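557 is the number of the first residue of the sequence shown in my numbering; add one for each residue after it. Every residue gets a Cβ at the ideal spot worked out from N, C-alpha and C, and that includes glycine. Keep in mind the model is a prediction, meaning the values are calculated, not measured. To start, the structure itself, in structure tokens.
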Amino acid sequence: MAGLFRRRDRGAGGGGRDLTGFAHEGIVFVGDIHRRWDHVARGLAALARPPEAVVLLGDMECTEPLDRLAAPILQTGAELHWIFGNHDYDGGPEMWANLAEPALNPATTAGALHGRVREIAGVRIAGLGGTFRPRVWHPPNPPRIRRRADLAADLATLGPGWSAESTAALAHSLSVMAIWPEDVEALAGQRADVLVTHEAPTSHPSGVAVLEDLARAMGARLVVHGHHHIGYRAEAADGLRVLGVGAAWGVSLAGSPRWPGEPERWLGRAPAGWSFSP
């Protein structure tokens, strides 16, 4: 991690906005949908009033363009924002295009949150999609490759068993799906109240410290993540909070469920340095 973040007074307790004054029910974070849009449609229909904004935390697995799949959200008038997860490329370039290709998704392309900070319902929310891939970066080890511009040279070292076609497929997959140091560094130079990620910080036993370090560098008070299909609330000693969101569950900014999704996995004890709350 050395060198990724400039040293600033931007810790969770050092300048980030207190989120208690915001309308906690105005934003709904939705965990890994995995094609179960029926949970989302039922959940929205059961709400007394629609949210101002919905943020998808990745792993939608778009078998059709997101514009069509997300129609139950768009029809409410809510803003839609999204990051991608590790399964959003399971169907190859076609599945990725269904999520991210502007020509297929004129209504939802503007909501792409990866590598950006957007003011959503009055809250500055930053997005970091994807997962750590060993070819690029496998924390706590230092990055192998920092920039996409250097990927072609690295892949040129693959053995003779790699065809041009398979090398090109790997290059595209890594360029769009991996967590890249250059994206983390770019976000670290910005300010946010909330950081949404697919991967988890170390509040989850399988989490990665780079993510809470990034949140602190940005002055964020809260990290919201998917990926592990478990809903929980955690807090670090310095006040940084984390919300894990279960698969297809809708959860408010305060961490209260807005609707249920898939059965949740077991989490276990809080890792060192974190405490769980109900």
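Would you decide whether residue i is buried or exposed? Buried here means 16 or more other CB atoms lie within 10 Å of its CB.
i	result
Pro-757	buried
Pro-737	buried
Arg-680	buried
Ser-831	exposed
Ala-558	In this prediction, Ala-558 scores a pLDDT of 45, lower than 50, which makes its location untrustworthy; no coordinate-derived value is stated.
Thr-753	buried
Arg-703	exposed
Ser-759	buried
Gly-829	exposed
Asp-594	exposed
Asp-794	exposed
Thr-664	buried
Grouping DSSP H, G and I as helix and E and B as strand, with all else coil, what is residue i?
i	result
His-587	According to the sequence provided, residue 587 is Gly. The question's His does not apply to it. If DSSP states are grouped into helix, strand and coil, Gly-587 belongs with coil.
His-796	The question names His, yet the displayed sequence has Leu at residue 796. It is coil, neither helix nor strand.
Glu-818	coil
Ala-720	helix
Thr-713	coil
Leu-684	strand
Gly-667	helix
Ala-516	Nothing in the structure corresponds to residue 516, since the chain is present only between 557 and 834.
Arg-700	coil
Met-557	Confidence in Met-557 is poor, its pLDDT being 46 and thus under 50, which makes the residue's placement unreliable; the coordinate value appears in the next sentence. Three-state DSSP puts Met-557 in coil, outside helix and strand.
Assuming residue i contacts residue j under a Cβ cut-off of 8 Å, what Cβ separation, rounded to an integer in Å, is found between them?
i	j	result
Leu-799	Gly-811	5 Å
Trp-805	Gly-587	5 Å
Leu-600	Pro-621	Contact flag wrong, Cβ pair sits at about 19 Å.
Please tell me whether residue i has its Cβ less than 8 Å away from any Cβ of chain C.
i	result
Pro-737	The structure shown contains no chain C; it holds only a single protein chain.
Segment contact, 8 Å Cβ cut-off, at least three pairs: the stretch 703–718 with the stretch 611–629: Verdict: no, contact absent.
Sufficient close CB pairs (3 or more, under 8 Å) joining the stretch 638–647 to the stretch 669–685: The stretch 638–647 vs the stretch 669–685: in contact.
Start-end ranges of the alpha helix (DSSP H) lying completely within the stretch 593–658, minimum 4 residues: For the stretch 593–658, whole alpha helix (DSSP H) runs of length 4 or above, ordered along the chain, are 593–602, 622–625, 627–630 and 648–656.
Touch test, the stretch 760–779 against the stretch 692–702, Cβ-Cβ under 8 Å, three pairs minimum: Yes, since at least three Cβ pairs between the stretch 760–779 and the stretch 692–702 fall closer than 8 Å, the two stretches touch.
Inter-stretch contact (C-beta, 8 Å, three-pair minimum) for the stretch 596–606 and the stretch 820–827: No contact exists between the stretch 596–606 and the stretch 820–827.
Alpha helix (DSSP H) runs contained entirely in the stretch 723–782, provided each spans 4 or more residues: Contiguous alpha helix (DSSP H) elements confined to the stretch 723–782 occur at 737–744 and 765–773, taking only those with 4 or more residues.
The stretch 715–723 in contact with the stretch 643–656 per 3-pair CB rule at 8 Å: Using a C-beta cut-off of 8 Å, the stretch 715–723 makes no contact with the stretch 643–656, since fewer than three inter-stretch Cβ pairs fall below that distance.
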